[in-house]
Each structure stands twice: as C-alpha cells, then as structure tokens.
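Participant:
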Amino acid sequence: MKLVRFILAFVAHLVLGALFLCPPAVAQVDKPQLTVNLTYNAEAKRYEVYAQSNFTQERFLLGPSQISIVVPGQMPDQSLNVVSATAHWTDYSNVYAPAVAPLTDFHGIHSMGKNIDVQRDTPFMLFAFSLPAGYVDGVRLYLNDQDPGSVKKGMMGGDFNNTLSNHRGAELFQRGTTQADLDQLVMAEAKPGAPAISVYPNPATGDAVSLTVRHFEADERLTVRLLSASGVELYKLENSADQLVNYQLPVPRQLVSLVYLQVERAAGKTGPRTLGQKLLLVR
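Going by this note's numbering, the sequence shown opens with residue 664, and the numbers climb by one from there.
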C-alpha cells in the first residue's frame, strides 16, 4: 500500500513539474501588417493612398515611415503637393529621370509617425496628392523588389523603399495589388459551374460596360473594383450578386488602353475568393 502511494505521489510530482516547465499553448495570430493601395478619386481629382490593417488597436504608434510614388517622366520636375490625412506627410526626397529609368520620376513621401486608432480590415487614408493633369496613366506605388535601388545609376543614393514601422521599428508594410497580381488573376482557369464574371463590350469604346456575375448566391455581397494597369483603384462599389446582372459600370474617359475588373467575395465562401477580367479600351 505504501508502495502504491509512493508511486502515485511520484507520478503527480512529474505531472506538476511538466506543467510548470512547459509554457502554455499560444493561439496563432497573423503577423501585424498594413496593406497599402493607391486610388484615384475622380470627384476630388486627386490620388489617395490608403492603408488597411489586419489587426485592431487603439492608439497604435506608427513610427517613421515612407511611401514612395512613381510618376511618368513627362510630369513637371517638382515636389508633389501632398495633403496629409493620418500623421504628417511630406515629399522629402525625389529623383527625376535617373539614368537607370529615364522615363520615370521617384518621390519619397515621409512621415515621422503618430498615434492612430486602427480597425481590422478598415482602410484609412495616409495622404493624398494631385497632379496638374489630373489622372495620369502610369502613376503607381514604388515596388520594393523591382524598382531601382539606391545604388543604381542616377538614383543618387536615394532609398525609396516603402516602409511602415511601429514604435519598435518592426516592419508592417505590405504592398497592395500590382499588375502582376492582376494578370495572374485573369489567367486563372474557371471551372464549369463555378462563380464567373463577364463584361460587354470588350474591347470597350464608350463610357460604360455591362457587368454580369454568374453562379453566385443571389444575396452574396460582392466588392467590385476597376483598376488601372499599374494597380491604381479607379472605381469601387459593393452590391449583392442579384443586382450585378447587366450592371452598367462606368469607365472614366481619361483611361486608355487597358484596365482590370476585380470582383472580391467575402471570406469563407467556397470557390475562388477573387475573380478578374481584363478590359481593353479603344478610345
């Protein structure tokens, strides 16, 4: 009997020791990110830069940051007229028509940061800027992994990498939609009976096209975006699938050559989350 009690006590001692030695399980959470997209507001005639977080936090401390804008080289060689929305932003560094990219200008928009409230999946504007010509095809965000770095010829040592950091210096920047993303989306093979979208006419010659979505639940909420070839969001609407049959989608007259149509579904739906269609323009 004493032996049994001894064995039980010993086992209990081992179990308790294991509990103290082993850390409690921690739920997996997404790495904090701020996804940045560039849009064009036709009514205000300006470009707007938005960030969207994958977390919620009051008084989140945004640290020193930079978002860089690339514009065609025919634009005037002058700083962008930046209007701050969240924190204070200014066109602090620029390089015009460097030897490595003679048809392109680079603008580094800087901020020292600020305490802000962020809500998961809710976009908030960082800053806006306007160009004398209004919308200009080819304006886009700098691509960290593709555009010329500081050591390239003519870049004058300028570092235009996008960065959004917290107060500890951790990087949160995540690029938004690019043309490569859109091309990959358009090339995705649609399965018979799966959700699909169609646009007519294509090529388009007028100021609107007819959008129809198929094989969605009637009340499913969809987000429709029209994007330039460089990934600039030009138009956005949210509606139920049953309202998106022969829907007249406006195509701004200033757009030329090529745009993309993107339809995004809510998370958790079976089938593709995002669908795309390339729209040719004949103007």
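Positions of the beta carbon are idealized from the N, C-alpha and C atoms, including for glycine. Just so it is clear, the structure is predicted and the values come from calculations on it, not from any experiment.
1. Give every residue of the same chain whose Cβ lies closer than 7 angstroms to the Cβ of Val895, excluding the five residues on either side of it in the sequence, and list them in chain order.
2. Examine the Cβ distances between the stretch 884-893 and the stretch 903-919 and report whether three or more of them are shorter than 8 angstroms.
3. Grab me the residues of Val849's own chain with a C-beta within less than 8 angstroms of its C-beta, minus the 5 sequence neighbours each way, in chain order.
4. Which residue marks the beginning of the beta strand (DSSP E) containing Ala859, and which one marks its end?
5. Given Pro761, which residues of its chain have a CB within under 6 angstroms of its CB, disregarding the five upstream and five downstream residues?
6. How is the beta strand (DSSP E) around Asp754 delimited, first residue to last?
7. So, for Pro687: in the same chain, excluding its five sequence neighbours on each side, which residues have a beta-carbon less than 6 angstroms away from its beta-carbon?
8. Decide if Ala851 is buried, meaning its Cβ has at least 16 other Cβ atoms within 10 Å, or exposed.
9. In the structure shown, what three-state DSSP assignment does Met850 receive?
10. Per DSSP, which residues does Asp768 bridge with? Please list them.
11. Please state whether the Cβ-Cβ distance between Tyr710 and Phe836 is less than 7 angstroms.
12. Which residues bound the beta strand (DSSP E) around Phe787?
13. How about Trp752 and Phe790: do their beta carbons lie closer than 7 angstroms?
14. Once you ignore the five residues that flank Arg936 on each side, which residues in its own chain have a CB closer than 8 angstroms to its CB?
15. I need the straight-line Cα distance from Ser813 to Tyr755, nearest angstrom please.
Facilitator: The answer reads as follows:
1. Here residue 895 corresponds to residue number 232 of the sequence shown, with the count starting at 1. Same-chain partners within the cutoff: Leu701, Thr702, Tyr703, Val802 and Arg803.
2. At 8 angstroms Cβ cutoff, the stretches touch.
3. As a working note, residue 849 is residue 186 in the sequence shown. Around Val849: Tyr923, Gly939, Gln940 and Lys941.
4. Locating residue 859 in the sequence shown gives position 196, counting from the first residue. That run of the beta strand (DSSP E) goes Ala859 to Tyr863.
5. Walking along the sequence shown from the start, residue 761 turns up at place 98. In its chain, beyond the 5 residues on either side, Gly817 and Met818 have a beta carbon closer than 6 angstroms to the beta carbon of Pro761.
6. Your numbering for residue 754 matches position 91 in the sequence shown. Its beta strand (DSSP E) spans residues Trp752 to Tyr759.
7. By 1-based counting over the sequence shown, the position of residue 687 is 24. Low confidence applies to Pro687: its pLDDT is 39, below 50, so where it sits in the model is not reliable, and the reading given next is rough at best. The same chain holds no residue with a CB closer than 6 angstroms to that of Pro687 once the five nearest residues on each side in sequence are set aside.
8. Your numbering for residue 851 matches position 188 in the sequence shown. Ala851 counts as exposed, since fewer than 16 other C-beta atoms from the protein chains shown sit within 10 angstroms of its C-beta.
9. By one-based count along the sequence shown, residue 850 stands at place 187. In the three-state reduction of the DSSP assignment, Met850 falls in the helix class.
10. Position 105 of the sequence shown, counted from the first residue, corresponds to residue 768. Per the DSSP secondary-structure output, Asp768 pairs in a beta bridge with Val734 and Tyr759.
11. For the purposes of this step, residue 710 is identified with residue 47 of the sequence shown, where counting begins at 1. For the purposes of this step, residue 836 is identified with residue 173 of the sequence shown, where counting begins at 1. Cβ atoms of Tyr710 and Phe836: not closer than 7 angstroms.
12. Counting from 1 along the sequence shown, the entry for residue 787 is found at position 124. Here the beta strand (DSSP E) through Phe787 covers Phe787 to Ser793.
13. Against the sequence shown, residue 752 aligns to sequence position 89. Against the sequence shown, residue 790 aligns to sequence position 127. Contact flag set, yes.
14. Residue numbering aside, residue 936 sits at position 273 when the sequence shown is read from its first letter. So the qualifying residues of the chain are Glu927, Arg928 and Ala930.
15. The residue labelled residue 813 in the question sits at position 150 within the sequence shown. The residue labelled residue 755 in the question sits at position 92 within the sequence shown. Each residue's Cα considered, the two are about 15 angstroms apart.
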